[in-house]
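Sequence lines, in order, name chains A and B.
Sequential numbering from 1 applies to the first sequence in full-length UniProt numbering.
Sequential numbering from 1 applies to the second sequence in full-length UniProt numbering.
Protein chains: 2
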Amino acid sequence: MEPFTPRQNAVLECALQLLVAGGERALTTAGLARAANCSKESLYKWFGDRDGLLAAMITYQASKVRTPGPRESMPTLEDFSRSLAVFAEDLMGVLAGEVSLALNRLAIGQADRDGARLGALVREHGRLPIETRARALLELGRRHGYLKFSDTHEAYETLYGLIVRDSHVRMLLGEPPVGTSDDLPRRARLAIAQFFRLHGHGAQDID
Amino acid sequence: MEPFTPRQNAVLECALQLLVAGGERALTTAGLARAANCSKESLYKWFGDRDGLLAAMITYQASKVRTPGPRESMPTLEDFSRSLAVFAEDLMGVLAGEVSLALNRLAIGQADRDGARLGALVREHGRLPIETRARALLELGRRHGYLKFSDTHEAYETLYGLIVRDSHVRMLLGEPPVGTSDDLPRRARLAIAQFFRLHGHGAQDID
DNA sequence: TCGGAACCGTACCGTACGGTACATGAGATT
DNA sequence: AATCTCATGTACCGTACGGTACGGTTCCGA
């Protein structure tokens, strides 16, 4: 997407802070202008209108996350399994992040306007990178003979379901984040173990 | 929860229609009074304030759904498996329902106010009945020797994740509902098959 | 028949917010 | 130095909405 100037990035960062701190109602044009020491006129010049600002916040936040490409050398099954577990923990960490939750809440709350334009943006910028990383990992595992599946997307969705379950929606609904972070690795390992039971090398395909 | 009068139920039904049709912005006190042929004063007398109205909508909607208790006679494995598939399809049907999506969007959009009171209501009234039904089904299957698990809650969450994956959040974000309903049974059967791979009789426990 | 309670419809109020206009000032360019 | 560009800050406007007040009507019990 088109980049923003450093000044605009600073304003967007400030907007994200406001959104995280107080929800959508705290993100007013006047309040953002005051908090970011800019003028409302500049906001409208840069982002068009309020919806443009929200969209810019999403793309800006997405531009901050980088998907760590897996290093290709991954000889042992243990390493690969560990990579999957790391992915699972990263995924849960992202979904439980304050900014991610705030932006998802924002997009979901606006899903009835403009044909869910914000929702489409979140799906595109927020989920696609995750899926890309997961697909690369899965296909790497398949190439090395550690995994067995026919449809990469199906396998990815299964992995996602086993990892996330319904915790994302629960967090979106305001439930305090899951266990005190010592629970997270256990859940991640459990999910990966279950995934191997379904798509590990010895498993028979279900499709 | 305390019941409402028939008149109040009719007003709440009308409010749900407004919410489904136009999102939260379409649900104004004046608009509801006009649509339901009642006065704003009555709305405030009955429900206190706007938040009370939203909470009443959630409890009212929850009061409409009944969890069909499984008939205890379930001799064959095929019957039990079919019951699980029916549960899966029912679950997806509920989550994809217009009213459910609208109320979840509403609660998620307000998750930053009042300590996510609406979100807590949705979690309590919307998800607890589902889990209750699923737990009964799972434990029935375990009693009959068809399933093997130690923690019912864990097994339920696994089942939920395999069935729903991330489709709920995607729908909340405005993605049109999944395949043209002929895809749903296939997905349900696949999820159940995967669940049996993890917790079927012959499976070794992972925990 | 009277009186009160509940309710409808409408008018009203205060406020908050999105969006626009304008005056001022700082930096760069010619 | 003159000027152009860009941004700030403030003031302003229209509107929409939550919440309240009030007059009028219906219904029910005494």
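Yeah, the Cβ is synthetic: ideal placement off N, Cα and C, and Gly gets one too.
Since we're looking at a predicted model, the values are computed, not measured.
- So, does the CB of B/Y146 fall closer than 8 Å to a CB anywhere in chain A? As a working note, residue 146 of chain B is residue 146 in the second sequence. No, B/Y146 does not count as interfacial toward chain A.
- Residues in the stretch 148-162 of chain A having any Cβ partner in chain B nearer than 9 Å: Listed in chain order, the positions of the stretch 148-162 of chain A with a beta carbon within less than 9 Å of a beta carbon of chain B are E154, E157, T158, Y160, G161, L162.
- Message: Against A/A111, what residues of chain B qualify as contacts under a CB-to-CB distance less than 7 Å, listed in chain order?
- Response: Here the question's residue 111 of chain A lines up with position 111 in the first sequence. Those are R105, L172, L173, G174, listed as they occur along chain B.
- Taking only beta-carbon atoms, is A/G22 less than 8 Å away from chain B? Within the first sequence, the letter at position 22 stands for residue 22 of chain A. Output row for A/G22: interface = yes.
- Message: For A/Q194, tell me which candidate among A/A30, A/T158, A/P129, A/E131 has the shortest Cα-Cα distance.
- Response: Within the first sequence, residue 194 of chain A is the residue found at index 194, counting from 1. Among A/A30, A/T158, A/P129, A/E131, the Cα nearest to that of A/Q194 is on A/T158.
- Determine the extent of the alpha helix (DSSP H) in which A/L140 is found, giving its start and end residues. Numbered from its first residue, the first sequence carries residue 140 of chain A at position 140. For A/L140, the enclosing alpha helix (DSSP H) stretches over residues 128-143.
- Enumerate, from N- to C-terminal direction, the unbroken alpha helix (DSSP H) stretches of 4 or more residues contained entirely within the UniProt domain "HTH tetR-type" (5-65) of chain A. Counting only unbroken stretches of 4 or more residues, the alpha helix (DSSP H) elements lying wholly within the UniProt domain "HTH tetR-type" (5-65) of chain A are 6-22, 29-36, 40-47, 50-64, in sequence order.
- Give the interface partners of B/R123 over in chain A, defined as CB-CB distance under 7 Å, in chain order. Locating residue 123 of chain B in the second sequence gives position 123, counting from the first residue. Close partners of B/R123 in chain A (Cβ separation under 7 Å): R170, L173, E175.
- Is there a Cβ from chain A that is less than 8 Å from the Cβ of B/V164? As a working note, residue 164 of chain B is residue 164 in the second sequence. B/V164 counts as touching chain A.
- Nearest chain B C-beta to A/L18 closer than 8 Å, yes or no? In the first sequence, residue 18 of chain A corresponds to position 18, counting from 1. Chain B, which has no Cβ nearer than 8 Å to the Cβ of A/L18, makes this no.
- Item | Rounded separation between A/G119 and A/L140 - CA only | Taking the first sequence and counting its residues from 1, the one referred to as residue 119 of chain A is at position 119. Taking the first sequence and counting its residues from 1, the one referred to as residue 140 of chain A is at position 140. Computed Cα separation, rounded: 31 Å.
- Inter-residue Cα distance where the pair is B/L32 and A/R189: Mapped onto the second sequence, residue 32 of chain B falls at position 32. Mapped onto the first sequence, residue 189 of chain A falls at position 189. For B/L32 and A/R189, the gap between their C-alpha atoms comes out near 50 Å.
- Would you report the Cα separation of A/M1 and A/V65, rounded to the nearest angstrom? Along the first sequence, one-based indexing puts residue 1 of chain A at 1. Along the first sequence, one-based indexing puts residue 65 of chain A at 65. Its pLDDT being 49, under 50, A/M1 is placed unreliably in this model, and the value from its coordinates should be taken loosely. The C-alpha of A/M1 lies about 14 Å from the C-alpha of A/V65.
- Query: Does the Cβ of B/L54 have 16 or more other Cβ atoms within 10 Å, making it buried, or fewer, making it exposed?
  - Reply: Stepping through the second sequence from its first residue, residue 54 of chain B is reached at position 54. It counts as buried.
- Proximity test, Cβ basis, 8 Å: A/H201 and chain B: As a working mapping, residue 201 of chain A is identified with position 201 in the first sequence. Contact of A/H201 with chain B is not assigned, every C-beta pair being separated by 8 Å or more.
- Message: Residues in the same chain with beta-carbon distance under 8 Å from A/F185, minus the five sequence neighbours each way, listed in chain order, please.
- Response: Position 185 of the first sequence holds residue 185 of chain A. In the sequence on display, residue 185 of chain A carries Pro and not Phe. Answer for A/P185: A85, E89, listed in chain order.
- Message: Quick check: the stretch 155-170 of chain B against the stretch 137-154 of chain A, are at least 3 beta-carbon pairs closer than 8 Å?
- Response: Remark: fewer than three beta-carbon pairs, one from each stretch, lie closer than 8 Å, so the stretch 137-154 of chain A and the stretch 155-170 of chain B are not flagged as touching.
- the stretch 6-16 of chain B touching the stretch 44-58 of chain B, judged by at least three CB pairs closer than 8 Å: The stretch 6-16 of chain B and the stretch 44-58 of chain B touch, with no fewer than 3 CB-CB distances between them shorter than 8 Å.
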